[in-house]
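Engineer: Here it is: the structure, laid out below.
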Amino acid sequence: MSTPVLLSADRLRARLVDDGPYAALDVVTVTGSTNTDLVAAAVEGAPDRAVLIAEEQNSGRGRLRRPWHSPRGFGLHVSVLLRPGLPPSGWFPLLAGVALAETVQRTTDVSAALKWPNDLLLGSGQRWSKGAGILAEAVAGGGGTAIVVGIGVNVHHAAADLPTGAGGLPATSLAAEGADVDREELAVALLDAVAEVDDRWRATGGDVVASGLLDRYRRLCGTLGQRVRVELGERDPLVGTAVDVDRHGRLLVHADGEEEPAPVSAGDVVHLRPL
Numbered sequence: 020m021s022t023p024v025l026l027s028a029d030r031l032r033a034r035l036v037d038d039g040p041y042a043a044l045d046v047v048t049v050t051g052s053t054n055t056d057l058v059a060a061a062v063e064g065a066p067d068r069a070v071l072i073a074e075e076q077n078s079g080r081g082r083l084r085r086p087w088h089s090p091r092g093f094g095l096h097v098s099v100l101l102r103p104g105l106p107p108s109g110w111f112p113l114l115a116g117v118a119l120a121e122t123v124q125r126t127t128d129v130s131a132a133l134k135w136p137n138d139l140l141l142g143s144g145q146r147w148s149k150g151a152g153i154l155a156e157a158v159a160g161g162g163g164t165a166i167v168v169g170i171g172v173n174v175h176h177a178a179a180d181l182p183t184g185a186g187g188l189p190a191t192s193l194a195a196e197g198a199d200v201d202r203e204e205l206a207v208a209l210l211d212a213v214a215e216v217d218d219r220w221r222a223t224g225g226d227v228v229a230s231g232l233l234d235r236y237r238r239l240c241g242t243l244g245q246r247v248r249v250e251l252g253e254r255d256p257l258v259g260t261a262v263d264v265d266r267h268g269r270l271l272v273h274a275d276g277e278e279e280p281a282p283v284s285a286g287d288v289v290h291l292r293p294l
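Mind the numbering: the sequence shown is residues 20 to 294 in our numbering, read in order.
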């Protein structure tokens, strides 16, 4: 691996705090997990729209606490603290996914889609690979309910340096898909997109239909129309066709032999695999 250019906290603060929609932004060289750190800061009263970026995470956590690690300067590891004044919702990782996928589509030539509930897919419908993951955590205390949304994007990693992704998907990166990406520009574009999605969410009181966010998610969701196997822990797997995402953020799966699709919540799912 070549040595990447590290991010400038001063330049990012000038663009995203001084002249942007965020209240605070810090960049650290290495940490265990930006989400863990920002959750702790939220409990201590950190402000709405505080941002933490790490050049390297050595104890990063995905959904269901699955571990992962990315070397220094090769990925974009960012967590955002949101205090929307609305009840906690399973939509937060999906909304972050909208911001992320649209950012990749807008700033690169790489095809991007979303795997419900929290993965960014890069490549094509014939060969999707996992390029990013999203983790949202609710935090009580420190001035009301808060949400910390973490996004980890593989940016400069070479294909040979990437492991097999969770859920059986191969891992990829923007570089491995042919994109030449400036991480500072990607960070600014992504955080601007997160703020835009959050603004729409708040303006409609969390109504994903009125805000248009449900339609945006459906257009990006590569899971829809696919034959899937949903692993549900101790319950029998659900096998069928993913037909929709409802206004509660649940995946609707039309199981074989059933007349109506069954709603599946992200919290109930251990793995969702294409067939």
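C-beta: ideal position from N, C-alpha, C; glycine also.
Give a yes or no on contact between the stretch 150-170 and the stretch 60-74, applying the rule of three or more CB pairs nearer than 8 angstroms.
Structural biologist: Segments in contact, yes.
Engineer: For Ser230, which option in Leu205, Arg266, Gly142, Pro23 has the closest C-alpha, if you only look at C-alpha atoms?
Structural biologist: Measuring from the Cα of Ser230, the nearest candidate turns out to be Arg266.
Engineer: Are Val207 and Leu251 close, meaning C-beta to C-beta below 8 angstroms?
Structural biologist: No, these two residues do not count as a Cβ contact at 8 angstroms.
Engineer: Between which residues of its own chain and Arg82 is the CB-CB distance below 7 angstroms, once the five residues before and five after are set aside?
Structural biologist: Since pLDDT at Arg82 reaches only 45, below the 50 mark, its modelled position is unreliable, and no value is offered.
Engineer: Under 8 angstroms, do Phe93 and Pro23 count as touching if we go by C-beta distance?
Structural biologist: It is a contact, given that the beta carbons lie within the stated cut-off.
Engineer: Terminal residues of the continuous alpha helix (DSSP H) containing Val216?
Structural biologist: Start and end: 202-222.
Engineer: Can you tell me whether Thr55 is buried or exposed, with buried defined as 16 or more other CB within 10 angstroms of its CB?
Structural biologist: Thr55 should be labelled buried.
Engineer: Quick one, which of Leu270, Thr122, Val123 has its alpha-carbon nearest Val247's?
Structural biologist: Looking at the Cα atoms, Leu270 is the closest of the given residues.
Engineer: Check whether the stretch 101-116 touches the stretch 275-287, taking contact to mean three or more Cβ pairs, one atom from each stretch, closer than 8 angstroms.
Structural biologist: The stretch 101-116 is in contact with the stretch 275-287.
Engineer: CB-CB under 6 angstroms to Thr260, same chain, minus the five flanking residues each way: which ones, in chain order?
Structural biologist: The answer, listed in chain order, is Arg246, His273.
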